[in-house]
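Engineer: If you're matching them up, the sequences are chains A and B in order.
258 is the number of the first residue of the first sequence in our numbering; add one for each residue after it.
13 is the number of the first residue of the second sequence in our numbering; add one for each residue after it.
Glycine residues also receive a C-beta, built at the ideal position from the N, C-alpha and C atoms.
Here the structure is a predicted model, which is why all the values come from computation and not from measurement.
I am attaching a structure below and will ask some questions about it afterwards.
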Amino acid sequence: MQRSFDIAVIGGGVVGLAILRRFATSGLSAVLLERGADILNGASKGNSALLHTGFDAPTGSTELACMQAGYAEYLAIHEKLNLPLVQSTALVVAWSEQEQAKLDGIMAKAHANGVADVRHVARDELRKLEPKLSPAAKAAVLVPGEHIIDAWSAPLAYAHQALAHGAVILRNAEVTGGNFSNGEWTLASKAGPVTARIVINAAGNFGDLVEAMARVSPFTITPRRGQFVVFDKEASQLVDAIILPVPTERTKGVVLFRTAYGNLAIGPTAEDVTEREMAATDTATLERLKARALDMVPSLAGIGVNAIYAGLRPATEHKDYVIEALPERGWITVGGIRSTGLTACLGIAQHVAKLYASHFGALPNPPDPIWTPVPNLAEDRPRPYMQGGEIVCHCERVTRGEIVAALEGPLPAGDLGGLKRRTRAMMGRCQGFNCSAHVEALFREKSHGAA
Amino acid sequence: MERRDVIIIGGGPAGLSAARRLAELGVAATVLERDQQAGGVPRHCGHLGFGWQSHRRLWTGPRFAEQLRADSTALDVRTGHTVLGIDGNVLRVQNQHGINEMAANRIILATGTRETPRAPRFVGGSRPRGVTTTGALQANVYLQNFKPFACPVIIGSEWVSFSAILTCRHAGIRPVAMIEAKDRISAPRPGDLISKLIYGVPVWTRTKLTAIAGQPQVEAVEIERHGKRERIACDGVIFTGEWVPEAALLVNRPKVTLAGNVHGDLKTSGACWREGRAIAEQIARGSA
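Written out as C-alpha cells, the structure reads:
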C-alpha cells in the first residue's frame, strides 16, 4: 500500500471526509486515518441531520461563512451523489411572552447573516401552518431555507468520491504519534506509519489531543452531549416544519424535527461531559425529552418510541471554529466543529483548500469530478425495495441486496454500527427483534467474523 | 388487479389455521407472509410446548411450524410478500418483482406481536453489543447457531422470560439473574422457584435496571435493588416480554379482522391457532 502522501487527514467524521474529498478531487494524493472500525464513529454519528441556513449563527464568524458555503455546495451536488434534500422549512417558535419579545432580534440577526427570506408568523398563521402544534405556541419566525438531509449517506458519498479520485481511507488507524522533519510528517498509527507533507487535524472530540503533536493546543475540547428520542413513523405526519426553540446564550436548544427516514425526533440536550468516546443516554433525560415533545405536539401521545441515541459535539472554550494553517509546521487545524458541522463540512473543506493554496502552494488543476452516487436511505425518494427484492429488515424495508452491497465495495461497513448507518437495518420500531439475527449473520459471513 | 375473496396478512399459527379452515369451508384465501418461510414465531422457539391445542402432540416450536406448513401445502401461501399498506379493500404488496395491488372482500390481519426492546424502555447507558430480546436471541441460537453472549441478565419475568432461560440453557449460556421491577414475578408461581431450583437462575424482584455499561460488548448493568444501587457484571442483556402488537398496518384504521397476537393479551401459539380457526368459521358463515 502507498504510504507517502501530499495530505494526511486525521479523523473520519463528516469534516475529515469532506476535506479528503476536496483534496482528492483537486488532484492531490490524500490519506485519511480514522481511529474507529468505521467512518462516522464519533461526533458525526449522533446529530439532528439538518441543513442550516446559518440564520442564527454568530454574524461574521468562520462558522457562518463555512455553513453558508457548505449549504450552497450541498444544494449544488446532492443530486449528483443521490443525496436527499427534504425542503421542510423551520419555525422558531416562541412559547412565552419573553420568548416572543426575542423574535425581532432573531429576524434582525438572520438579515445580518444574509438570510433575507425569514419572516414573522403570527399565532393564527402558525395554527394554520402547524395545526397539531400545541395552542400554547404564541408566534414564530419562519425560516424557509432550513432543510432535512441524511447525516450518514452524505459523508459516505464524500468518502466514495474521494476514493474514486485515488484517496486512501485507513480505519482502525488511531494516530499514536507524529514527527515533523525536513518538511514532512511521519505519523505513527495503529494501521502502520504514514508520511505526508501536510497533516490536517479533523479529529473531532480528540482534536486538542491530536493538536498537541503540532503545538500547545489553542483549544480544549469539552464534549457536549446531546440525547435524542425518535418516534415511530406515524408521528412524522404531525409536524411539517423543523420546530426550533428560541435559543439561549449557551445552546440552540431542543429541536423537534422530521428525519429523512420518515420519523419524528426530538433533541439534542446540551450536557458538558468529560467522556470523549462514548455517548451514553440516561433515563431521566429521555423522559424529559419525550415529555417536551408531547407538550409541543399533544397528539404524539400514544405513538411509540423507536430509538434513542446520543452524540458528543466537540465544543471548545471558543465561540467560533478554530481553523488555522501553521505554515512552518505543515499543519492545518480544524477544531471545535460543533453541531453545525454537517451543514458546514463542505464549506470547511473549501476554506481549508484556500488555506492550503495560500500557505503550501497552488492546488493542481482538478480533473473532471467522478460522481459516486450512494444508495438512497430517504423516504421521500425511491428506495430499492420498491423495485422488488427480499426485504430482510421489515420495519425499515431494507433489502438483502442493500445489506450485501453495504458489506462490499471500496468502503464496506467496518462494524455493525456502520452497517446500520449505511442501510438503516435494525433501526426501526422492532430494533432487530425480527431481523437482527439474520442481519448479523450476514455481517459475520461477509466480514469473516470481524465483529 | 388481482382480487381474492379473503386475504390473510401473516403466516403464523393464527393466519395459517384461518386459511386452512377457510379452505375446508370452501372459501378461497391467500396468505401473504413477509418472511421467506411461513410458520411465524414458533420457528425459532426451539423448546417443547407446542402443538397440543391444535394437533394433540407435544412438539418444539420448529416442529410445530413445520406441521403448520405441511397442513398448508394445498393452500395459497405466498412467502416473501410484504403488505406495505391497506387502503379500503386494496392492499399494496411488495415481493421480489416489485409492488402490486391486490383487492380482497375480507382482510384478516394476523401479524403477531413483538417484545419491547431497549430503546422505548428508556434504559440509559452505553450502546454495546449483546443487548437483545428473547425473539432475537432465539433466532440467533436456533436458526443461526450463534451465541451472542455467555452470561447475560434477563429483564422481566413473563412466560417468555422463562423461554429465554430455556433458550440460554440450550446454547450453554448461563444467565446471571432474572430481574423484575415488580414485587413478584409476572408469570404464575412457582416460576421463580423453577427458575432458581432447576435452572440455577436467581430471580430478583423489586429490582430495576437503570443503565447498561460496556463497549464494545456489555460489561455490566446497573440496577436498583431494594433501594440500593448495584453494578452487576454480565456480558449481555435480554429484554423479555412487554408485548407490542405488530400493528403498523392499522395506522389508517382499515376494515380488517384481527386474529392471533396482533390483539388482546398474549396468547399461546395454540390459542392463536384456535382463534384463527374460529374467525375463519365466522367469516365462512358470513357472520364476522
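(1) Helix, strand or coil: how does DSSP classify E320 of chain A here?
(2) How big is the Cα-Cα spacing for A411 of chain A and Q227 of chain B?
(3) Cutting at 6 Å between CB atoms, please list the residues of its own chain near S318 of chain A, excluding the five before and the five after it.
(4) Excluding sequence positions up to five away, which residues of its chain have a Cβ less than 6 Å from the Cβ of D83 of chain B?
(5) For the ligand ATP, is there any heavy atom lying closer than 7 Å to the beta carbon of A296 of chain B?
(6) Between the beta-carbon of L386 of chain A and the beta-carbon of V398 of chain A, is there less than 8 Å?
(7) Which residues of chain A have a Cβ atom closer than 8 Å to the Cβ of G147 of chain B, listed in chain order?
(8) Could you tell me which of B:E14, B:A35 and B:I167 sits nearest to M114 of chain B, measuring between CA atoms?
(9) Mind checking if H238 of chain B is an interface residue toward chain A, Cβ cutoff 8 Å exclusive?
(10) Measuring straight from C-alpha to C-alpha, what distance separates I594 of chain A and A322 of chain A?
(11) Once DSSP output is grouped into helix, strand and coil, what is the label at R505 of chain A?
(12) Residues of the region 555-566 of chain A with a CB closer than 7 Å to any CB of chain B: list them in chain order, please.
(13) Would DSSP call M190 of chain B helix, strand or coil?
(14) Using DSSP's beta-bridge definition, name the partner residues of D529 of chain A.
(15) Give me the subset of the region 629-653 of chain A whose CB atoms are less than 7 Å from a CB atom of chain B, sorted by chain position.
(16) Step through the CB atoms of chain B and report whether any lies within less than 8 Å of the CB of E491 of chain A.
(17) Compile a chain-ordered list of the residues in the region 522-552 of chain A whose CB is closer than 7 Å to at least one CB of chain B.
(18) Could you name the residues of the same chain whose beta carbon sits closer than 6 Å to that of Y415 of chain A, not counting the 5 residues immediately before and after it, in chain order?
(19) With 7 Å as the C-beta to C-beta threshold (strictly closer), list the residues of the region 13-25 of chain B near chain A in chain order.
(20) Is the Cβ of A430 of chain A closer than 8 Å to any Cβ of chain B?
(21) By the DSSP assignment, the beta strand (DSSP E) with K240 of chain B in it spans what residues?
(22) Name, in chain order, the residues that DSSP records as bridge partners for G592 of chain A.
(23) If L289 of chain A sits next to A460 of chain A, beta carbons under 8 Å apart, how far is it from one beta carbon to the other, in whole angstroms?
(24) If we count the other Cβ atoms within 10 Å of its Cβ and call it buried at 16 or more, is V473 of chain A buried or exposed?
(25) Determine the direct distance from the alpha carbon of D263 of chain A to that of I648 of chain A, and round the result to whole angstroms.
(26) Among the residues of its own chain, which have a CB less than 7 Å from the CB of W352 of chain A, if the five just before and after it don't count?
(27) Would you call M190 of chain B buried or exposed, if buried means 16 or more other Cβ atoms sit within 10 Å of its Cβ?
(28) So for S704 of chain A, helix, strand or coil by DSSP?
(29) Compare the beta carbon distance of L513 of chain A and S556 of chain A with 8 Å and say whether it is the shorter of the two.
(30) Quick check on S29 of chain B: does DSSP put it in helix, strand or coil?
(31) Take every Cβ of the region 249-258 of chain B, pair it with every Cβ of the region 158-168 of chain B, and state whether three or more of those distances are shorter than 8 Å.
(32) Using the Cα positions of A469 of chain A and F476 of chain A, report the straight-line distance between them to the nearest angstrom.
(33) Determine the chain B residues that contact C602 of chain A at a beta-carbon separation under 8 Å, and present them in chain order.
Structural biologist: To lay it out plainly:
(1) helix
(2) Near 27 Å, if we compare the C-alpha coordinates of Q227 of chain B and A411 of chain A.
(3) D577
(4) R32
(5) Because no ligand of any kind appears in the structure shown, any question about the ligand ATP cannot be addressed here.
(6) no
(7) Residues of chain A whose Cβ lies closer than 8 Å to the Cβ of G147 of chain B are, in chain order, F690 and N691.
(8) B:E14
(9) no
(10) 13 Å
(11) Checking the sequence shown, residue 505 of chain A turns out to be Thr, not Arg. The answer is coil: DSSP assigns T505 of chain A none of H, G, I, E or B.
(12) G561, V562, N563, A564 and I565
(13) strand
(14) A:R481
(15) Y642, M643, Q644, G645, G646, E647, I648 and H651: these are the residues of the region 629-653 of chain A whose beta carbon lies less than 7 Å from some beta carbon of chain B, given in chain order.
(16) Closer than 8 Å to the CB of E491 of chain A there is at least one CB belonging to chain B.
(17) Closer than 7 Å at the C-beta level to chain B, one finds these residues of the region 522-552 of chain A: M535, A537, T538, D539, T540, L543 and E544.
(18) L274, A275 and R278
(19) Taking 7 Å as the upper bound on Cβ-Cβ separation, chain A lies near no residue of the region 13-25 of chain B.
(20) no
(21) K240 to A245
(22) A:V579
(23) The pair is not a contact, with the Cβ atoms about 11 Å apart (cut-off 8 Å).
(24) exposed
(25) 44 Å
(26) A393, A394 and K395
(27) buried
(28) coil
(29) no
(30) helix
(31) Short answer: they touch.
(32) Using only the alpha carbons, I get a separation of about 10 Å.
(33) Under the 8 Å cutoff, chain B gives no residues; its nearest Cβ is about 24 Å from C602 of chain A.
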